[in-house]
Amino acid sequence: MKNKAAQTPKPHVLLVDDDVDQLALCSRWLTLSGYRVDSAPGGAEALASLERTRPDLVVTDLVMDGMDGLYLLSEIHRRDPVLPTIIMSGKAGVPDALEAAHLGVSAFLEKPFDKTRLLSAVGTALEALPSTSCPQGDLETSAGRLVYRSAVMQELVGRVCRVAGGTSTVMLTGETGTGKELIARAIHELGPRRERPFVSINCSALPEQLLESELFGHEKGAFTGATSRHTGLFQSADGGTLFLDEIGDMPLALQAKVLRVLQDFSVRPVGGLDSVQVDVRVISATHQDLAEMVEQKQFREDLYYRLNVVPLHVPALRERADDIPALLEFFLGRLAGPDRKAASRFAPEARAALLQAPFPGNVRQLQNVVERCVVLSSSKVIPKSLALEALQDQTLGLPTLDEARHSFERRYIAGLLRATKGNVSAAAKIAGRNRTEFYNLLARHRLEPESFRRGKF
Amino acid sequence: MGHGMPKPKLRGWLDARRRGTDNNRGRTMETSAPVVEVDAELADLIPQYISNRWADLAFARQLLVKKDFELLARMAHRIRGNAASYGFAALGDISAALETAAEQEDADASAEALDQYDTFLRAVRIEYI
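So the sequence lines, in the order shown, correspond to chains A and B.
My numbering runs 20 ahead of the 1-based position in the first sequence.
My numbering runs 4 ahead of the 1-based position in the second sequence.
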């Protein structure tokens with residue numbers, strides 16, 4: 021090992037432990053084995069070190085005064101999603117290899133450990149570094165092309181490429197219309213799971229029971245209407261990636277079940293007796309502030325940390341305004357068609373107006389505006405007046421009054437049931453409705469008081 | 005080459021102490037100090053390690069007086085984690101007993117574990133290999 025180290029650059033390890041004796045011992049073992057070692061006596065010092073230098077591996081204690089290892093881990097992944105990490109822990113019952121992989125951890129070392137065990141884990145972690153090669157130019161995915169020129173998007177795409185090679189659970193945040201699903205597909209298709217399924221579900225689109233059945237599957241006769249066996253999406257995505265869009269809208273009772281899957285990677289269909297092992301990389305996305313929802317007890321903290329192993333923020337269009345010209349050209353070129361009969365360019369004033377528009381609906385809104393311009397234009401050159409009209413006509417994806425009313429009503433009733441722990445009489449009284457009326461509301465929104473009585477919500 | 009993990013012959017040292025006899029030879033503990041084999045490459049770390057354990061012992065006795073069992077358990081947990089890696093398996097065992105006693109807020113058991121800890125530190129002989 022020493023000879024090999026003399027010929028090749030020494031791998032750089034950052035050691036983190038608030039136990040100075042453990043720190044000194046591991047540092048000695050690694051240094052004697054040819055590694056370059058930086059030691060940090062706590063999480064804050066480790067983060068300060070990471071500001072200055074990028075190690076090849078971080079080995080950190082799990083339980084530390086001040087900043088514990090899991091928090092440090094999330095901070096490390098926020099800065100560098102694929103920096104390999106090893107967790108040392110004095111606690112029994114450390115997670116298994118599969119769980120560690122999804123947490124973005126190469127190995128768990130239970131204390132006390134010996135030199136051989138440490139060197140073996142470090143060697144394996146460094147060998148397992150995923151490929152960081154990234155295609156040049158725009159990212160092509162099966163769901164569309166990710167067009168970008170801006171520095172902020174270049175950085176994001178760089179992170180996407182780096183994270184694609186691993187198994188870590190990824191959380192995509194960003195406003196509606198920023199392209200989170202495109203990013204999720206890029207992660208899947210750039211990584212080793214590309215030949216396996218990419219399965220996507222919008223957690224806000226289905227009522228609770230249906231969402232549960234979709235995710236976990238059900239046996240025949242599991243509930244009224246379950247006339248045949250149904251394979252859940254976790255199983256359908258086995259070996260591949262499951263994309264949970266709008267995860268912030270997932271009901272609390274279901275959150276607990278998803279947490280269990282992420283803990284032991286086995287799924288039990290509704291009404292089934294046996295669990296089935298699954299190997300699924302989970303990517304979730306939300307436009308909501310999940311940390312705030314955790315504070316408000318609307319989202320489980322333990323699930324939040326499980327999902328947020330590698331957080332990636334997809335910037336709003338206003339944060340990547342440099343990309344608007346390229347996006348305009350891309351959408352226009354795609355819509356103009358091969359015969360170029362449709363409008364194929366914007367008049368300079370029209371283009372200038374679009375470059376200055378705010379686009380609160382992000383790329384999706386920009387795409388809609390271009391589509392509208394192309395459809396309505398009677399000439400090959402789109403005039404400013406038409407561009408302004410298209411901008412004005414955009415509804416920004418706002419719901420209709422009925423949709424908005426329905427959505428509010430559902431959230432309001434769910435909030436009542438949460439507050440009353442599923443007590444229908446109490447909830448109805450607060451709502452100013454009698455029990456019959458309230459039950460009708462529950463049925464309309466497919467809300468079950470029982471699910472608010474279970475668990476600790 | 006050894007790797008600093010507990011040597012089997014030290015495993016029973018604690019039991020032998022409780023019996024008041026040496027593990028193998030039946031002699032009294034006063035004539036039989038525990039021998040710890042430590043990699044020579046760690047030799048310069050050992051004096052500091054032992055010094056830190058003496059400091060821990062003094063602090064642990066204060067914690068016991070103040071009945072700060074939470075901090076006592078955490079201290080014991082830390083020593084349990086590092087002692088065997090340095091080669092002091094018996095000290096790791098004593099610390100595990102101390103951690104359990106502190107978690108149960110058992111002052112008598114904690115005091116007994118600290119006495120064993122004290123005895124071990126006084127008696128231990130280190131051989132570098």
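The C-beta atom is built at its ideal place from N, Cα and C for all residues, glycine as well.
- The C-beta of residue 176 (chain A) has 16 or more other C-beta atoms within 10 Å across all chains shown, which makes the residue buried.
- Straight across, the Cα-Cα distance linking residue 229 (chain A) with residue 461 (chain A) is about 16 Å.
- If you look at residue 390 (chain A), you'll find it in the alpha helix (DSSP H) that goes 382-396.
- When DSSP states are grouped into helix, strand and coil, residue 368 (chain A) belongs to the helix group.
- In the three-state DSSP reduction, residue 345 (chain A) falls in the helix class (H, G or I).
- DSSP places residue 129 (chain B) in the uninterrupted beta strand (DSSP E) bounded by 129-132.
- Put simply, the backbone Cα of residue 112 (chain B) is about 11 Å away from that of residue 69 (chain B).
- Going by beta carbons, residue 68 (chain A) and residue 86 (chain A) fall outside the 8 Å limit.
- Using beta-carbon distances, residue 52 (chain A) counts as an interface residue toward chain B, with a partner under 8 Å.
- For residue 189 (chain A), the secondary structure class from DSSP, reduced to helix, strand or coil, is coil.
- By the neighbour-count criterion, in which 16 or more other beta carbons inside 10 Å mark a residue as buried, residue 304 (chain A) falls on the buried side.
- Residue 66 (chain B) and residue 100 (chain B) have their C-alpha atoms some 19 Å from each other.
- With a threshold of 8 Å between beta carbons, residue 133 (chain A) makes contact with chain B.
- A direct Cα-Cα distance of roughly 10 Å separates residue 179 (chain A) from residue 330 (chain A).
- Sequence-ordered contacts of the segment 101-112 of chain A with chain B read 110 [C-beta pairs closer than 7 Å].
- One alpha carbon belongs to residue 132 (chain A), the other to residue 279 (chain A), and they sit about 30 Å apart.
- For the segment 32-47 of chain A, the set of residues with a beta-carbon nearer than 7 Å to any beta-carbon of chain B comprises 39, 41, 42, 44, 45, in chain order.
- Residue 266 (chain A) sits in coil when the DSSP states are folded into three classes, being neither helix nor strand.
- Remark: C-beta atoms of residue 335 (chain A) and residue 173 (chain A) approach each other more closely than 8 Å.
- Contact annotation: in the segment 111-129 of chain B, no residue has its CB less than 8 Å from a CB in chain A.
- Cβ-Cβ distances below 6 Å link residue 81 (chain B) to 103 in the same chain, with the five nearest sequence neighbours on each side left out; the list follows chain order.
- By DSSP's assignment, residue 291 (chain A) forms no beta bridge with any residue.
- Around residue 33 (chain A), the same chain offers 50, 55, 56, 57, 58, 75, 76, 77, 78, 79, 142 as residues with beta carbons nearer than 8 Å, after the five sequence neighbours per side are excluded.
- Among the bridge pairs identified by DSSP, residue 332 (chain A) is matched with A:192.
- Counting only Cβ-Cβ distances below 8 Å, residue 87 (chain B) has contacts in chain A at 132, in chain order.
- Per DSSP, residue 85 (chain A) lies in no beta strand (DSSP E) and is assigned neither H nor E.
- Here the alpha carbons of residue 84 (chain B) and residue 447 (chain A) stand approximately 53 Å from one another.
- Note on residue 312 (chain A): under 16 other CB atoms within 10 angstroms of its CB, so exposed under the neighbour-count rule.
- DSSP, read as helix, strand or coil, puts residue 103 (chain A) in coil.
- Residue 53 (chain B) has a beta carbon lying within less than 8 Å of a beta carbon in chain A.
- Using a 10 angstroms sphere on the CB of residue 42 (chain A), the tally of other CB atoms reaches 16 or more, which defines it as buried.
- In the structure shown, residue 73 (chain A) adopts coil according to DSSP, grouped into three states.
- A Cβ-Cβ contact shorter than 8 Å links residue 232 (chain A) with residue 290 (chain A).
- The Cβ-Cβ distance between residue 166 (chain A) and residue 53 (chain A) does not fall below 8 Å.
- In this structure, residue 216 (chain A) sits near residue 259 (chain A), with a CB-CB distance shorter than 8 Å.
- Of all residues in the segment 40-51 of chain B, the ones placed with a Cβ closer than 7 Å to any Cβ belonging to chain A are 45, 46, 49, in chain order.
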